[in-house]
Amino acid sequence: MKNLNIYVAPGANPGATGTKEDPFSTLSAAKKKAKELQNEFGCDITVYLRGGEYRYQTPEIFTAEDSAMDGTKITYQAYPGEQPFLGGAIRISGWEKESEEEAYTIWKAKVPEGVYSRHLYIDGQRAARTKTGIQKNRAWETVRSDTFQRYRKTGSHFNGEKQCDLYEGYLTQDPMFLTCRNPQDIEFVYDVGWTHSVCPVESVTETKEGIFLKMKQPCFKDCQIKIGMQIDGPSYVENLYELLGTDGGWYLDRQESVLYVAQPKGISIEEQTVELPVAEQLLVVRGEKDRPVKNLVFRGLTFRYTTFLNPGVNGHPDVQANILKDPDDDALTYSYFKKTQSCIVLDHAEGITFDGCRFLHLGNGAVDIQHGSASNRLMYCELSDISGNGIQAGDFQETDAHPADSREIVRDNSVENCYIHNAGAEFKGSVGILCGYAKGLRIIHNELCDLPYSAVSLGWGWGYVDPDSDTRYSYKPLPHFKRYKEESVCREHEVRGNYIHHVLTQLHDGAGIYTLGLMPGTKIMQNLIVGNYQGSSYPEEVMVHNSWKGNQDEAYTRQKGFPGGIYMDEASGGMEVRENIIYQTVVPIHYHNIMEEKRFRSNIIRDNTINKKPCDHGFPHEIAAGTGITAG
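Just so you know, we're using UniProt numbering here: the sequence shown kicks off at 1 and counts up by one.
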């Protein structure tokens, strides 16, 4: 079949024709030309992106009009031997010295009016915002702060699990907060259990008792009443100008449009490359349920430098896996949730492939596969320094578990031979790969490591969308919860041949592979999970934990890195878990038993190798050698 080529180069002539000698300057121009050529010749089209920076402030959008014809592909790929970067940052220059502190020089530079960002990169490294010291807690404990006490109680709320007290904010005696610059830009951060929440300050006033920090609503309410983990005091507070120079950091004064950076003495920021991300997304592939975007390939491209503003504007009440409480719903607490934004979005997309791409330095998630998207692939990609989830597939509302229209089901997508590390770089409750309500997700031969919480998370709903939800031993569905006779769409996943190591580095109650709910036909097999603990290992293959009887397994459940191996959480069922290799974890396979025994017995757990190292007799070397990324 005939193949036609189009060329793009940054900084090229805006009136170009798209040939190798006269390349387009934008991907948008090449996209339009590719469709014209397809309509005329009906053949494969390759768009070559020459090396260099392609800068975006709003995302490149592909619609059904940009699809390739059936039987053909339109490929957007790096020109051989060159590296195109699609980035969402502006470069900052014009630095001046603001002041000299004991160990730091404070530099400042003007930024364009109206620009705001929560992220900054210096010489390709994520720079930390100013923040207070970190107050540590353990396991599921909330932070009890001497500096910040919850203040002005307004009532209480039953969240389906327990009665939760509600407050307007905090009382502090620290005078810095009374005179701080731009108090509405201060963010309180909470690391509790498996969650990482953020809540902005609304106002600061002085009272007879001290200084009152009124917190942003409804975020502060949601953080106090959300299911699972609620907050008390903050783990730390960040984004204060007054802390510049105490321990480094940077601060963007968006009222004055000035960026401040504290650098160690002897380092001149004038000699460094400073990138301030301003775009929140870089690529959106958006079709319609009766007209999806189809048959596109993105190969060898690097997507980098985005920000995520919503946590500083409306807050970030994390329920689990960087999925948020819906602020409009306090009653159906297991049914409706908010997803967070990703750099790349596939929405009603089919047959889209990312091959050999890199996703780096992103302000929230990397890739989101949602709303009826099917048969899409990520292969041989690297994802690193991602603030949120690496890849998320499926949706998270009760209506997604039981959709009225089958065209809305996210199905038959795959993540293969990808290297996913340092996701959750900011939002620590994030995971490497997250699957919500979806069908047939294949997670095969990837390496996932250096993650603050879980590596792979499958399923959603805690069993409340399953047919037998009333058989729970504890937290039974409330009378107004909907009951279902049919199973949800979540089924037939395959997690095989992955190498997962060094996860749960910061949070608690997660695993190399984590599951929720009934997922018939799901296979978790031949994975190598190692290095996720700092303590003693449970000696048996499976710990069946009956939390409704109390924490009888506390010797293990409170250890750092618990449980760490494979975690079959509430209502997990219908799965086959076999031939996995698990060592150096607190609990190899942990089953959280909250339903009648038939749910536990619906799983097949067999032929797994636990607590054996490669030097031990009986270690399955052949299976271990077959895990991780394979040759492309």
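Think of the CB as a built atom: it goes at the ideal place given N, C-alpha and C, for glycine as much as any other residue.
Residues bridged to residue i [DSSP beta-bridge criterion]
| i | result |
| --- | --- |
| M595 | R472 |
| Q272 | None, per the DSSP bridge assignment. |
| A89 | P277 |
| H157 | C164 |
| L362 | I386 |
| N3 | D44 |
| residue 634 | Since the displayed the chain opens at 1 and closes at 632, residue 634 lies outside it and no answer follows. |
| T205 | F212 |
| Q263 | T105 |
| F24 | V8 |
| P588 | P588 is not bridged to any residue. |
| L283 | E60 and I344 |
Enclosing alpha helix (DSSP H) for residue i [first to last residue]
| i | result |
| --- | --- |
| V313 | N310 to V313 |
| H621 | H621 to A625 |
| K325 | Where K325 is concerned, there is no enclosing alpha helix (DSSP H), although the beta strand (DSSP E) it sits in stretches over I323 to K325. |
| Y220 | The residue you asked about is not Tyr; residue 220 is Phe in the sequence shown. Element bounds for F220: C219 to I225. |
| A555 | E554 to T557 |
| A401 | E398 to A401 |
Cα-Cα separation, residue i to residue j
| i | j | result |
| --- | --- | --- |
| A128 | L120 | 8 Å |
| R50 | C343 | 22 Å |
| G356 | G300 | 5 Å |
| residue 639 | V111 | The requested residue 639 is not part of the displayed model; the chain covers only 1 to 632. |
| S213 | V465 | One point to set straight first is that residue 213 is Leu, not Ser, in the sequence displayed. Their backbone Cα atoms lie some 39 Å apart in a straight line. |
| H445 | S67 | 29 Å |
| A103 | Y241 | 17 Å |
| D616 | N498 | 21 Å |
| F220 | H316 | 9 Å |
| Y56 | S117 | 14 Å |
| P234 | R558 | 21 Å |
| G521 | N137 | 39 Å |
| T154 | G169 | 10 Å |
| V47 | R601 | 52 Å |
| V278 | V115 | 7 Å |
| K613 | Y583 | 7 Å |
| N239 | E36 | 49 Å |
| G266 | R254 | 28 Å |
| T142 | L243 | 25 Å |
| T19 | N13 | 12 Å |
| G394 | N413 | 10 Å |
| E202 | N310 | 14 Å |
| A89 | E554 | 47 Å |
8 Å Cβ cutoff met for residue i and residue j
| i | j | result |
| --- | --- | --- |
| A571 | W460 | no |
| L282 | T306 | yes |
| T333 | I231 | no |
| P620 | I581 | yes |
| H348 | H371 | yes |
| M543 | Y473 | no |
| G133 | Y236 | yes |
| Y151 | L171 | yes |
| K108 | V258 | yes |
| G573 | V587 | no |
| V415 | A438 | no |
| T130 | G312 | no |
Sequence-distant residues of the same chain with beta carbon closer than 7 Å to residue i, five excluded per side
| i | result |
| --- | --- |
| E270 | W95 |
| N417 | M379, Y380, H445, N446, I629, T630 and G632 |
Where the beta strand (DSSP E) through residue i begins and ends
| i | result |
| --- | --- |
| C449 | E447 to C449 |
| Y251 | W250 to D253 |
| Q320 | D318 to Q320 |
| P520 | L518 to M525 |
| A393 | I391 to A393 |
| S414 | S414 to E416 |
| F354 | T353 to D355 |
| I566 | P563 to M568 |
| A423 | Y419 to A423 |
Contacts around residue i, its chain only, beta-carbon distance under 6 Å, and the 5 residues preceding and following it disregarded
| i | result |
| --- | --- |
| K523 | E494 and E576 |
| D329 | Y336 |
| A455 | G432, L448, I500, V503 and G512 |
| Y419 | E382 and E447 |
| A457 | In the sequence as presented, Ala is not what sits at residue 457; that position holds Ser. Here the set comprises A321, V431, L434 and Y514. |
| D22 | A16 |
| E101 | G245 |
| V293 | F62, A64, S67, V285, G287 and A349 |
Cutoff 8 Å; reference residue i; Cβ partners in own chain excluding five residues on either side
| i | result |
| --- | --- |
| C164 | S156, H157, F158, Q224, I225 and Q230 |
| K2 | F41, C43 and D44 |
| E206 | L178 and F212 |
| D174 | T147 and I211 |
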